[in-house]
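Remember, this note's numbering sits 47 above the position in the sequence shown when you count from 1. Where is the CB? At the ideal position from N, CA and C, for every residue including glycine. Inspection log for the structure reproduced underneath, given as C-alpha cells.
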Amino acid sequence: MYSTTSNQQLTDLAASYGTPLYVYNADKISEQYQQLQTAFEGVNSRFFFACKALTNINILKHIRSLGCNIDCSSINEAHLAIRAGFDPKNILYTSNGIAFDEIETAVDLGINVNIDSLSNLEKFGKKYGHNYPVGIRLRPNILAGGNLKISTGHEKSKFGIPIEQLDQLLALVKQYNIYIAGLHIHTGSEIKDVAVFMQVADIFFDLVPHFPEIHFLDLGGGFKVPYKEEEAGTDIPLLSAKVQESLKNLAATYQRNFQVWFEPGKFLVSECGSFITQVNVLKENAAATFVGINSGFNHLIRPMFYEAYHRIRNISNPDGPIKHYAVTGNICETDTFAWDRPLNEVREGDLLVFDNAGAYGFEMGSNYNSRFLPAQVMIKNGVAFLIRKRDVLEDILRNQIELD
Ligand SMILES: *Cc1c(COP(=O)(O)O)cnc(C)c1O
C-alpha cells in the first residue's frame with residue numbers, strides 16, 4: 048500500500064544526500080499506472096498524468112516511458128512536457144482563468160486544450176473558428192472532494208463554465224462554428240465515491256446531443272489514495288466497470304462511440320514518495336512533547352493548508368515504545384504536521400519519514416524564511432539517482448537585483 052522504499056534504503060539516502068530529502072520510487076509509479084491499464088483494458092480510455100502533482104523532468108520522462116499522456120495546468124508545464132519528450136497530441140492543457148495568449152501558444156504547440164471561460168471561448172472562436180478542435184471545461188455544481196479547498200465543481204467554484212450558461216455557450220459555438228471535440232469536468236481531489244464520477248457521466252449523457260462533433264468525455268482526476276492506515280482509495284475496477292457501462296449506453300443511444308479521458312495526479316505519484324526529515328529538538332511542555340524537525344510548511348504544506356493527514360514513521364527507532372508527540376517545523380509560523388501523534392519513541396537526530404509525499408509535496412514548496420528547497424532522489428529498478436540538488440544561498444539570491 049505504501050511506497051516500496053525500505054527503511055534501510057531511506058536511511059542510506061539520508062546519509063548520502065542529507066535531509067530534508069524527497070525520495071520517489073519510480074517502480075511504484077509504474078505499478079499504479081499498470082493498475083489503471085489492467086482495470087481499463089478493453090475500455091476506450093486515455094489517461095493524462097496531472098503533472099502539477101510532481102513535475103521533476105525525470106519523473107515526467109518516466110511517466111512518458113510508461114505510455115501515459117500528460118495534463119498541464121499552465122503553459123510552462125506544457126513546455127516541460129515537450130522538454131520531457133511527450134508528443135504534442137498526448138499533451139492536454141486544462142486551463143483555468145488564464146490569459147488568451149497561453150491558449151494561442153498551446154495551439155502553436157499543437158497540444159489539446161480545455162477552455163474554461165466563455166470569454167476565452169469567444170476569443171478562440173474569433174481566431175480559430177472550426178480550424179482547431181477544443182474541449183470545454185464545465186462546472187457541474189456538484190460538491191465533491193476531500194475538502195472545500197480541493198473541491199472544484201461546486202456552485203461557488205471559479206473552475207469551468209457554469210452549466211447553467213449552456214445557452215450562451217451554444218450560441219458562441221454556433222456563431223463562430225467552433226470545433227468542440229470534447230467535454231471536461233473535474234470535480235475535485237480525493238473523490239473516493241465512484242458515484243461522483245457517474246454523476247458527471249450522467250451530465251455528459253444529457254449534453255451530448257448539443258455537441259455533434261465531440262468524441263472525448265473527460266472525467267478529470269481526483270482518484271483518492273489511502274493516507275491513513277485503515278483508509279481505502281477509489282475503487283478503480285468498479286470505476287472501470289461503471290464507465291464501460293456508461294460508454295455502452297452512450298453508444299447505443301447516440302449511435303456513436305466516445306472515448307473517456309482521465310487526469311490522475313495523486314493516484315500516480317502520491318504513494319511513490321517519501322519525505323525524510325530529521326529531528327532537531329525535543330521540547331517538553333504541559334500540552335505536548337514537541338518534536339521539532341528540520342522542515343516546515345515550506346516543504347510540505349498539505350497538513351497545514353488542507354489539514355491533510357500524512358503517516359509519519361520514526362525509522363531510526365522502529366522498535367521504540369509508542370509515545371505521543373506534536374510534530375512541528377522550524378518555520379516562524381505555526382507549522383504543525385501532526386498533533387498527539389503516536390510514534391516510536393523519538394530522540395534528537397532521529398529520522399522521521401512522511402509517507403504519501405510524492406504528490407503536492409515538493410511542488411507546493413517555497414523558500415519561505417529563506418530556507419532551501421529539499422533535494423530530490425528518484426529510485427528506478429532499485430537504483431537511486433539524485434534528480435534535484437538542494438538549494439544553496441545563491442538560489443535564494445538568484446533573481447534579486449542588489450542595488451548599490
Ligand atoms: C489537479 C487536477 C487534476 C489532478 O487531481 P488529483 O487529485 O491529483 O488526481 C486533474 N485535473 C485537473 C484539471 C486538475 O486541476
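Spatially closest choice to residue i from the options, by CA coordinates
i, options, result
"residue 403", "63, 75, 56, 66", "75"
"residue 447", "417, 180, 430", "417"
"residue 162", "155, 358, 144", "144"
"residue 222", "261, 248, 242, 170", "170"
"residue 104", "258, 127, 378", "127"
"residue 289", "433, 101, 240, 277", "240"
"residue 264", "90, 77, 443", "90"
"residue 390", "382, 436, 338", "338"
"residue 275", "102, 333, 53, 355", "355"
"residue 291", "323, 270, 258, 244", "244"
Residue i - partner residues in DSSP beta bridges
i, result
"residue 182", "161, 229"
"residue 119", "140"
"residue 361", "399"
"residue 371", "389"
"residue 265", "231, 308"
Cβ neighbours of residue i in the same chain (closer than 8 Å, five flanking residues each side left out)
i, result
"residue 48", "Bear in mind that a pLDDT of 42 at residue 48, under 50, signals an unreliable position, so the model cannot answer this."
"residue 58", "362, 363, 398"
"residue 205", "143, 144"
Any non-hydrogen atom of ligand 1 closer than 7 Å to residue i Cβ
i, result
"residue 177", "no"
"residue 311", "yes"
"residue 144", "no"
"residue 357", "no"
"residue 314", "yes"
"residue 233", "yes"
"residue 375", "no"
"residue 196", "no"
"residue 99", "yes"
"residue 141", "yes"
"residue 120", "yes"
"residue 182", "no"
"residue 279", "no"
Extent of the continuous beta strand (DSSP E) run through residue i
i, result
"residue 323", "320-331"
"residue 427", "422-427"
"residue 210", "Counting along the chain, residue 210 falls outside any beta strand (DSSP E), and DSSP gives it neither H nor E."
Residue interval of the alpha helix (DSSP H) (run including residue i)
i, result
"residue 314", "313-316"
"residue 86", "73-86"
Cβ shell of residue i (< 6 Å), same chain only, five flanking positions each side left out
i, result
"residue 384", "350, 374"
"residue 387", "371"
Contact set for residue i: own chain, Cβ-Cβ below 7 Å, skip 5 residues either direction
i, result
"residue 111", "131, 132, 133"
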